[in-house]
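Its first residue numbered 1, the sequence shown is counted upward by one per residue in my numbering. All residues carry an ideal CB built from backbone N, CA and C; glycine is no exception.
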Amino acid sequence: IFKNVAKLPSDALFAIKGRLAVDPRTNKVDLGIGAYRDNTGKPWILPSVRKAEQIVQADPNYNHEYLNISGLESLRKNAARIIFGDSFDIANRVVNIQSLSGTGALHVGATLMESLKLNERDVYFSDPTWGNHLQIFAKCGFNSIKSYPYWDAASKKLNLDGFLNTIKEATSGSVFVLHPCAHNPTGLDPTEEQWKVILESIKEKQHVVLFDSAYQGFATGSLAKDAYSIRLAITDILKDVPVMVCQSFAKNVGMYGERVGCFHVVLPESGYNAEEGSAIQSQLEAITRSELSTPPAYGAKIVSAILSSDELYKAWSDDMVTMSSRIYEMRHKLVAKLTELKTPGNWDHITSQVGMFSYTGLSKEQVARMEKEHAVYLASSGRASIAGLNDGNVEHVGYAIDEVVRH
Ligand code: LMR
């Protein structure tokens, strides 16, 4: 029965990691997968996380028992608080479940929609979007996967008109997946004014919204600012309809491999009762029970400890600023090098983009040359994880870009 199994191509981002691992060149640079590195190029365990780990493990009741099917309650409650805000009526308006980070949350959301036959509708993703989006939704029976214009390659700006036109022309009730901040892969976010127009247009066409929040804290260093679009939707423009939110703690807590996240359904301000909320909760639990049994505990305890202690929360906020400021500084250092080298073209977009990534505008061929000739690895789309830059390699990357652009 397994004789004619089709061999699938490897995941593009993880394939970069594989090629990089066996590259013997000592000056190799990893700008591939979006994972924060410190100024020496090493993975960074956040000081707030180290502290939380000590506290969690010192607890005399510490153990490795199963969590509930819905996950760690204190994590779910505090995760909702940081994304929806302190004043939001979480008790009455949020139904949620702990997930395997952002991917797991997306999978729970897509599976919930599948069970409600929402997968028979069109689903729209930004063009471009994170590659995994498409396959998660395809696996859940979304057969009509479409895109909305987002990145305008010529101006390196948001194609707002194209985005709004697609919202208007889409069949009413389509599903729209939105990146609330630090857009992956472009690093380009709508302004607050643009978000208003986008959400108003979505409301007019009664589309269904799912926010995928994987980088809260990375765009501006502020959790509240990075949740602006979500909060605007749930407290104002889309407050009369359910809104789904996927939340990852992989990046902002730096616990990539521990898979901590949540999937939330935000209920409308009125028109839903507790029974409907608990019916949705039961669906989320059924999905989780059949797939994970119960969510993983370790990372959840650490994140929960951070979110529930004022002192650790403060330390974590500082850690986020450390990460976002170092990335900001690297954007500027790279552009300074390109300016010094008089590299043809305009590179201002590297400093105006936010979050972990820059959509450099380098072509597929230029990216291939960066890897072959200069040992600088980035995604073939031209997306560079700026977190992989540091004082020791930024000049080399600048020279590499200069060379491939002139070649
Ligand atoms: C990325 O886009 O690099 C990250 O989200 C890592 C991943 O899992 O793809």
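I believe residue i touches residue j by the beta-carbon criterion, under 8 Å. Please report the beta-carbon distance rounded to the nearest angstrom.
| i | j | result |
| --- | --- | --- |
| residue 401 | residue 356 | Going by Cβ atoms, the distance from residue 401 to residue 356 rounds to 18 Å, so no, they are not a contact pair. |
| residue 63 | residue 80 | Not confirmed; about 26 Å, so no contact. |
| residue 250 | residue 101 | 5 Å |
| residue 182 | residue 218 | 5 Å |
| residue 17 | residue 34 | Not a contact, Cβ separation roughly 12 Å. |
| residue 308 | residue 78 | 6 Å |
| residue 360 | residue 382 | 5 Å |
| residue 321 | residue 260 | Residue 321 to residue 260, Cβ: 21 Å. No contact. |
| residue 338 | residue 347 | 5 Å |
| residue 229 | residue 207 | Actually they are not in contact, since the Cβ atoms of residue 229 and residue 207 sit about 14 Å apart, beyond 8 Å. |
| residue 151 | residue 186 | 5 Å |
| residue 301 | residue 72 | 7 Å |
| residue 247 | residue 290 | Not a contact, Cβ separation roughly 22 Å. |
Taking the Cβ atom as the reference point for each residue, do residue i and residue j lie within a distance shorter than 7 Å?
| i | j | result |
| --- | --- | --- |
| residue 234 | residue 202 | no |
| residue 91 | residue 140 | no |
| residue 209 | residue 163 | no |
| residue 336 | residue 25 | no |
| residue 69 | residue 288 | yes |
| residue 367 | residue 380 | yes |
| residue 267 | residue 277 | yes |
| residue 264 | residue 108 | no |
Would you list the one or two residues that DSSP bridges to residue i?
| i | result |
| --- | --- |
| residue 384 | 358 |
| residue 149 | 127 |
| residue 100 | 260 |
| residue 178 | 211 |
| residue 43 | 37 |
| residue 376 | 29 |
| residue 157 | 152 |
| residue 94 | 266 |
I'd like the span of the alpha helix (DSSP H) that includes residue i, first residue to last.
| i | result |
| --- | --- |
| residue 163 | 160-169 |
| residue 312 | 310-340 |
| residue 5 | No alpha helix (DSSP H) contains residue 5, which DSSP labels as neither H nor E. |
| residue 69 | Per DSSP, residue 69 belongs to no alpha helix (DSSP H) and is neither H nor E. |
| residue 352 | 348-352 |
| residue 402 | 394-406 |
Hey, is residue i close to the ligand ATP, as in C-beta under 6 Å from one of its heavy atoms?
| i | result |
| --- | --- |
| residue 13 | As for the ligand ATP, it is missing from this structure, which binds only the ligand LMR. |
Whole beta strand (DSSP E) elements within the stretch 11-40, 3-residue minimum: Note on the stretch 11-40: whole beta strand (DSSP E) runs with a minimum of 3 residues are 29-31, in chain order.
Segments of 4+ residues assigned as alpha helix (DSSP H) that fall wholly inside the stretch 107-144: Within the stretch 107-144, the alpha helix (DSSP H) runs of at least 4 residues that lie entirely inside it are, in chain order, 131-139.
Every unbroken alpha helix (DSSP H) inside the stretch 262-291 [4 residues or more]: Counting whole runs of 4 or more residues, the stretch 262-291 contains the alpha helix (DSSP H) stretches 274-291.
Complete runs of the alpha helix (DSSP H) confined to the stretch 195-265 [at least 4 residues]: Here the runs fully enclosed are 223-226 and 228-232.
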